[in-house]
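Novice: Have a look at the structure that comes next, please.
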Amino acid sequence: MTSPEPTSSDPASSGYGVTFDQIELGDELPVEHPDVSLERVKLWCDAADQHFPRFLDHEAARAEGLPGALVPGIMNQGFLLALLHRWAPSATVRKIDTVFRGQMVIETELTITGAVTDTDEDERTVEVDLTVVGPDGRTGVIGTAILAFE
Amino acid sequence: MILDLHTHSVKSDDGRAKVENYCKWIQKKQLPLDGFVLTEHRQFDADSDYRELEDRYGLVILKASEVETEYGHVLIYGVNDDLVNSFDFADVTNPLPMVLEAADRCGAFAAPCHPGRKNVGLFAHYLTKGAVDGVHTVEVLNGGSIPGEDELSVTRAAEFGYRGFGGSDSHIVSRIGYCATEFDDDIEDVDGLLNALRGGSFRPISLRGLADDRENGDQP
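Line order of the protein sequences matches chains A and D. If you read the first sequence in the numbering used here, its first letter stands for residue 1, the second for the next number, and so on. If you read the second sequence in the numbering used here, its first letter stands for residue 151, the second for the next number, and so on.
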């Protein structure tokens with residue numbers, strides 16, 4: 001992870017560690033660049049028991065017609081969930097819904113963004129847009145999430 | 151008048167945007183959009199009624215379709231029952247000439263979108279299958295394009311004498327308004343949109359980064 005570490009003691013400047021009362025429609029979540037090195041992806045594949053060559057071997061992936069070894073789809077979702085938890089650690093992720101629209105290749109710089117698209121004062125929930133963008137600018141993953149606060 | 155001519159809502163299989171959240175976002179970010187057109191994938195959403203949202207937020211919200219052909223995706227404005235019954239909107243291999251002819255015959259307006267997209271855009275197909283008669287307008291600015299694609303669209307559209315417009319191709323709320331189309335005429339409904347598109351008094355505009363600038367206090 002190349003993004004700054006969360007500094008919950010200073011949420012206004014870091015963008016991390018926000019509470020419900022600090023959130024407004026239109027807010028942007030901190031931008032992150034997740035570690036998708038071969039080493040890190042292999043660790044994830046070991047943990048998730050997802051030992052497919054298309055995730056770990058560029059040549060094997062290219063032999064399948066892919067542009068290179070791919071970041072597993074649910075690993076992308078994991079990055080997005082981690083961002084949500086760092087951004088609003090007191091919230092519960094009630095729902096996350098991702099759409100995989102493009103292939104994200106390992107050992108490249110991915111960019112993760114988020115934005116608040118709705119807030120509900122009565123329910124104390126917020127809706128968030130999420131994206132994972134590849135180094136060429138193509139958005140590979142879009143998603144939305146609903147976070148609930150105490 | 152500025153309209154985003156290419157947006158998707160939760161009605162599209164890969165869309166995750168609620169229509170009211172689009173309205174809230176436009177209002178909150180003070181985007182210079184007067185409205186948007188919902189172009190759901192491979193269907194026409196005849197059921198949804200957004201007139202109450204139009205009144206509440208002061209926006210024009212129109213409905214259209216994005217269908218698929220063997221030359222890439224095509225936006226169709228002014229979809230009616232005759233057109234819906236003339237070919238299968240769900241078919242991903244519709245012949246482009248047939249779609250263009252059907253739209254014209256039924257009083258609609260068809261225009262290929264993201265034509266500069268690598269491998270799958272109209273102009274990529276032109277290289278392998280040749281140009282198609284009947285294309286007159288294409289989406290030259292698309293919010294989902296990567297660097298180089300819109301530039302290719304603009305260049306190739308000029309070479310073929312096509313008019314160009316813009317649309318965000320947003321599938322989530324925060325992407326609306328990345329690209330749009332500025333019209334000289336006021337547009338209140340689909341008939342007005344069709345007249346304006348046929349009249350040709352419009353131009354594509356890019357609004358990328360505008361929301362961020364406004365958040366930082368910069369006003370265009």
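All C-beta atoms in this analysis are idealised placements derived from N, C-alpha and C, irrespective of residue type, glycine included. This structure is a prediction, so every number in the text was calculated from the model and none was measured.
In terms of residues, what are the limits of the alpha helix (DSSP H) holding ILE74 of chain A?
Specialist: 73–87 is the span of the alpha helix (DSSP H), which, as asked, contains ILE74 of chain A.
Novice: Once the 5 residues before and after VAL41 of chain A are set aside, which same chain residues still bring their CB inside 8 Å of it?
Specialist: PHE55, LEU56, ALA69, VAL71, PRO72, MET75, ILE106
Novice: Is DSSP giving ILE94 of chain A helix, strand or coil here?
Specialist: This sequence places Arg at residue 94 of chain A; Ile is not what is there. Here ARG94 of chain A sits in strand by DSSP.
Novice: Does PRO135 of chain A pass the burial test, meaning 16 or more other C-beta atoms within 10 Å, or should it be called exposed?
Specialist: exposed
Novice: Report the neighbours of ASP21 of chain A on chain D: residues whose CB is nearer than 8 Å to its CB, in chain order.
Specialist: Chain D residues near ASP21 of chain A: none, gap ~17 Å exceeds 8 Å.
Novice: Please compile the residues from chain D whose C-beta is within a distance smaller than 8 Å of the C-beta of LEU25 of chain A.
Specialist: Those within 8 Å of LEU25 of chain A in chain D are LYS174, TRP175, LYS178.
Novice: Could you tell me the alpha carbon to alpha carbon distance between ASP21 of chain A and VAL187 of chain D, rounded to whole angstroms?
Specialist: Cα to Cα, the separation comes out at about 34 Å.
Novice: Taking a Cβ distance cut-off of 7 Å, strictly less, list which residues of the segment 97–124 of chain A are near chain D, in chain order.
Specialist: So the list reads ASP97, VAL99, ARG101, ALA115, THR117, ASP118, given in the order they occur along the chain.
Novice: Quick check on the DSSP output: the beta strand (DSSP E) that includes ASP129 of chain A runs from which residue to which?
Specialist: 125–133
Novice: At what residue ranges does the segment 232–280 of chain D contain a whole run of the beta strand (DSSP E), taking only runs of 3 or more?
Specialist: 259–262
Novice: Could you tell me the boundaries of the alpha helix (DSSP H) in which ASN345 of chain D lies?
Specialist: 340–349
Novice: Give the DSSP-derived three-state secondary structure of PHE315 of chain D in the structure shown.
Specialist: Three-state result, PHE315 of chain D: strand.
Novice: Smallest Cα separation from ALA91 of chain A: which of A:SER14, A:GLU127, A:GLY26, A:ASP49?
Specialist: A:GLU127
Novice: What's the gap between the Cα of TRP44 of chain A and the Cα of LEU81 of chain A?
Specialist: 15 Å
Novice: What are the residues in the segment 157–171 of chain D lying within 7 Å of chain A by C-beta distance?
Specialist: ASP164, ARG166, ASN171
Novice: Beta-carbon of GLY265 of chain D versus every beta-carbon of chain A: anything under 7 Å?
Specialist: The sequence as given places Pro at residue 265 of chain D; Gly does not occur at that position. It does not; no Cβ of chain A falls within 7 Å.
Novice: With a threshold of 8 Å, are at least 3 pairs of Cβ atoms found where one atom belongs to the segment 188–204 of chain D and the other to the segment 160–167 of chain D?
Specialist: The segment 188–204 of chain D, when compared against the segment 160–167 of chain D, does touch it at the 8 Å Cβ threshold.
Novice: Determine the chain A residues that contact PRO297 of chain D at a beta-carbon separation under 8 Å, and present them in chain order.
Specialist: ASP136, GLY137
Novice: Assign LEU155 of chain D to one of two classes, buried (16 or more other C-beta atoms within 10 Å of its C-beta) or exposed (fewer than that).
Specialist: By the neighbour-count definition (other C-beta atoms within 10 Å, threshold 16), LEU155 of chain D is a buried residue.
Novice: What is the DSSP secondary structure of LEU29 of chain A, counted as helix, strand or coil?
Specialist: For LEU29 of chain A, the three-state secondary structure derived from DSSP is coil.
Novice: Going by other Cβ atoms of all chains shown within 10 Å of its Cβ, with 16 needed for buried, is THR157 of chain D buried or exposed?
Specialist: Classification for THR157 of chain D: buried.
Novice: To the nearest angstrom, how far is the alpha carbon of THR278 of chain D from that of GLN77 of chain A?
Specialist: 37 Å
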